[in-house]
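Scroll down for the structure; my scribbles are underneath it.
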Amino acid sequence: MSIHPDTVAPATRLPGGGALARRLVRVVGRDTLAAASAVVLVVIVLAALFAPWIAPFPADGTLATHPADRLSAPGAEHWFGTDQVGRDLLSRVLYGARTSLGIAAAVLVISALVGVTLGVVAGFAGGWVRDVIMRVTDVFLAFPALLLSLALASILRPSVQTTIIAIAATWWPWYARLSAAVAAGVRTRPYVDAARCLGVHPIRIVGRHVLPNSLTPVLVQLSLDAGGVILTAASLSYLGLGATEPTSEWGLMVQSGQSLFTTHWWVAAFPGLAILVTAFCFNMLGEGLRDALDPRSAS
Amino acid sequence: MTVHPILELAGVDLAYGKTTVVHGLDLAVAEGASLALIGESGSGKSTAARAALGLLAPGAGEVRFRGTALGSLDAAGRRAYRGAVQPVFQDGPETLDPRQRVGSAVAEGLRLPRDERRTRVRRLLTDVGLDPELAERRPHELSGGQRQRVGIARALAVDPALLVLDEPTSALDVTVQARILDLLDALRAERGIAMLLITHNLAVVDRLCDDAVVLEAGRVVERGPARRVLDEPQHPYTAWLRAAVPELGGTLPGLG
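Protein chains in written order, with our numbering: chain A, 1 to 299; chain B, 300 to 555.
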């Protein structure tokens, strides 16, 4: 028993708890792009959280209009310029971060809750329970996601809530499928068999063993998906099916500045850039996390 | 009044999907007895262990707990069975939940208030020769031998009458193996716990078991007292298994 545990642990096993967190920090830290993306995302999240305090013209985030200042070019007073009704675009982009990140968070939380619950039940129960859940999931997966979102959004009244519902409805099946596969693997582990032999109730086994050990790949997927959700939300409001004026929402702002692009480029450019940077950073971070969790990347 | 064995497999067929891997297996483990189920990889012995543990339902035949088929047990009978028959699996990184502390793994089968549970867990860890302070550790901080002792403590928590040991020492170093066998031997001698030992390692059989059943490709080819089966194998397969263990007959350090 003098063997050091680290030297005998097979490389194909994911470490639990603190060890996992430390490894993520180490591997993501070595991946410059992922680390830089994480830093940028922290800045964006902080900007969204503190928008009312750091925005130069907080009132411009919503209803305020200043006709005298309309369509000012970027300059000392308005760093990102102003829009058609004179609202400060920097303030609106900051408030837009609240909307976009809020939508992304809501969509991902709902999708993960619904998807992981159904997936873990399917994976653990197996048999006909699994078949029923996975066939329903397949039906949702059969539609192209954006098309289904568009259809749902066009039935409901355009709003931020509509966007959330429409996107979450197409996103959860991926989490169901992913967690069903992972849970089916966890189900056969000896510690699950041991718990069954001890007469532990199946629901307790799921809560105590199967769910915690199925979550890691889901967390990676959440990060990879955040960028996609932000893009989809922006697409829906760009098409007039999502957030509506006077909400600051990046897709909506791009849409309203689009016709002015040749003469007043900044109205569409800055919110567009915000979408691009945020989605890009989430993808890079997700890729970094995925590499970090791949046992083959362990040092 | 007839005394039923703790566990009995009667004419059991076991299948995965359409492939039957065990054919008409009969075996019984009486109170305090120890029976070896011997065979090489793929002989169906681990599948038989899963059936004995109620993790796999037989396609034909019955698994009986104290005379009653598992499928016919009422709720109380089911609880009694779960408390009486406990597994010890081959050591591997996943015999224990990687996210669970040793203490809560050992306490998994206990229904006790928090304070009593703590005391009981420390006691169980001491019983299997571990430092009770290990309760706060996580599995990846333990050696293979320590993990296996934790697995045994988890099973002992419910005071089982029978341990189903599936290759309990095969993944361990020889010296560690010897200490685990000492522990199992002591449990049998001091607590009268019966054992169903699933193994391909005849040295372990010699050490722990009274009787032996030899399984080849899912069928029993030989059975009898362990000593006789090992020393005078009647079936060529048993002889072949025996020939594959050159140490037997000599003295293994710590096993003599």
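Virtual Cβ for every residue (Gly too), placed ideally from N, Cα, C.
For residue i, the three-state DSSP class (helix, strand or coil)
i         : result
B/Arg-518 : strand
A/Ala-112 : helix
B/Glu-361 : strand
A/Gly-81  : coil
B/Thr-468 : coil
A/Val-120 : helix
A/Ser-223 : helix
B/Val-457 : coil
A/Ile-3   : Any reading at A/Ile-3 is ruled out, since the residue's pLDDT is 36, under 50, leaving its predicted position unreliable.
A/Leu-152 : helix
A/Leu-96  : Note on identity: in this sequence residue 96 of chain A is Gly, with Leu being the wrong assignment. Looking at A/Gly-96 - three-state DSSP - the assignment turns out to be helix.
B/Ile-497 : strand
A/Ser-302 : Past the edges of chain A, shown from 1 to 299, lies residue 302 of chain A, and the structure says nothing about it.
B/Glu-339 : coil
A/Thr-62  : coil
B/Thr-367 : strand
A/Ala-243 : coil
B/Leu-551 : Residue placement at B/Leu-551 is poorly supported in this model, since its pLDDT is 47, which falls under 50; the coordinates still yield a value, given next. Reduced to three states, the DSSP call for B/Leu-551 is coil.
C-beta atoms of residue i and residue j nearer than 7 Å
i         : j         : result
A/Val-324 : A/Ala-292 : Residue 324 of chain A cannot be examined here, being either before or after the span of chain A that is shown, 1 to 299.
A/Val-116 : A/Tyr-175 : yes
B/Lys-344 : B/Gly-338 : yes
A/Arg-290 : A/Val-220 : yes
B/Pro-467 : B/Pro-438 : no
B/Leu-482 : B/Arg-446 : no
B/Ala-406 : B/Glu-361 : no
B/Ala-452 : B/Leu-423 : yes
A/Cys-197 : B/Gln-399 : no
B/Val-463 : B/Ala-351 : yes
A/Gly-257 : A/Ala-268 : yes
B/Val-504 : B/Ala-525 : yes
B/Glu-393 : A/Pro-190 : yes
C-alpha distance - residue i paired with residue j, whole-angstrom precision
i         : j         : result
B/Thr-474 : B/Gly-443 : 12 Å
B/Gly-331 : A/Leu-108 : 55 Å
B/Ala-470 : A/Leu-46  : 51 Å
B/Arg-478 : B/Val-387 : 15 Å
A/Trp-79  : A/Leu-63  : 20 Å
A/Thr-12  : A/Val-192 : Residue confidence is low: A/Thr-12 scores 38 on pLDDT, short of 50, so the model does not pin down where it sits. Its coordinate-derived value is still stated next. So the alpha carbons of these two residues sit roughly 19 Å apart.
B/Asp-530 : B/Ala-511 : 12 Å
B/Ala-485 : B/Ala-543 : 28 Å
A/Leu-234 : A/Gly-227 : Correcting the residue type first, residue 234 of chain A is Ala in the shown sequence and not Leu. If I take the Cα positions, the gap works out to 11 Å.
A/Thr-263 : A/Ile-230 : 27 Å
A/Trp-265 : A/Pro-67  : 19 Å
A/Pro-271 : A/Leu-41  : 16 Å
B/Asp-509 : B/Gly-523 : 9 Å
B/Arg-365 : A/Arg-135 : 42 Å
B/His-322 : B/Ala-359 : 9 Å
B/Gly-553 : A/Arg-30  : The predicted model places B/Gly-553 with a pLDDT of 46, which falls under 50 and marks its position as unreliable; any figure quoted below should be read in that light. If I take the Cα positions, the gap works out to 48 Å.
A/Asp-69  : A/Asp-60  : 12 Å
A/Ala-298 : A/Val-25  : For A/Ala-298, the predicted structure reports a pLDDT of 44, less than 50, and the residue's modelled location is therefore unreliable. The matter cannot be settled from this model.
B/Leu-461 : B/Gly-408 : 15 Å
A/Ser-259 : A/Leu-101 : 26 Å
Cβ-based neighbour list, residue i, same chain, cut-off 6 Å, excluding 5 preceding and 5 following
i         : result
B/Gln-327 : Note on residue identity: the sequence assigns Ala, not Gln, to residue 327 of chain B. Here the set comprises Pro-304, Glu-307.
A/Thr-170 : Ala-145, Leu-148, Ser-149
A/Leu-236 : Ala-153, Thr-163, Gly-242
B/Gly-370 : none
A/Ile-110 : Ala-168
A/Ala-34  : Val-28, Met-284, Leu-285, Gly-288
Member of the options whose CA lies at the smallest distance from the CA of residue i
i         : options                                    : result
B/Ala-347 : B/Pro-524, B/Pro-532, B/Ala-477, B/Leu-496 : B/Leu-496
A/Leu-49  : A/Thr-216, A/Thr-99, A/Trp-265, A/Arg-290  : A/Thr-99
A/Ile-103 : A/Phe-143, A/Trp-250, A/His-78, A/Arg-92   : A/Trp-250
A/Phe-261 : A/Gln-84, A/Ala-105, A/Pro-67, A/Gly-61    : A/Gln-84
A/Ile-54  : A/Ala-268, A/Glu-77, A/Met-284, A/Ser-91   : A/Ser-91
B/Val-318 : B/Pro-357, B/Val-302, B/Thr-301            : With the sequence shown as reference, residue 318 of chain B is identified as Thr, and Val is not the correct amino acid for it. Residue B/Pro-357 is the option with its Cα nearest to B/Thr-318.
A/Val-139 : A/Pro-173, A/Arg-157, A/Ile-155            : A/Pro-173
B/Arg-448 : B/Asp-312, B/Glu-515, B/Asp-390            : B/Asp-390
A/Val-182 : A/Ala-122, A/Val-114, A/Pro-56, A/Tyr-238  : A/Ala-122
B/Glu-440 : B/Pro-431, B/Arg-417, B/Val-401            : B/Val-401
A/Gly-199 : B/Arg-363, B/Gly-517, B/Ala-375, B/Ser-340 : B/Ala-375
Residues of its chain near residue i, where Cβ-Cβ distance is below 7 Å and the 5 sequence neighbours each way are ignored
i         : result
A/Arg-22  : none
A/Ala-112 : Tyr-175, Val-218, Leu-222
A/Leu-178 : Gly-119, Pro-217, Val-218, Gln-221
B/Gly-314 : Correcting the residue type first, residue 314 of chain B is Ala in the shown sequence and not Gly. Here the set comprises Val-320, Gly-358.
B/Thr-301 : none
Cβ neighbours of residue i in the same chain (closer than 8 Å, five flanking residues each side left out)
i         : result
B/Leu-507 : Ser-333, Ala-335, Leu-480, Leu-483, Asp-484, Arg-487, Met-494, Leu-496
B/Asp-458 : Gly-382
A/Thr-65  : Val-85, Gly-86, Arg-87
A/Ala-73  : Gly-81, His-264, Trp-266
B/Arg-541 : Leu-501, Leu-529, Pro-532, Leu-547
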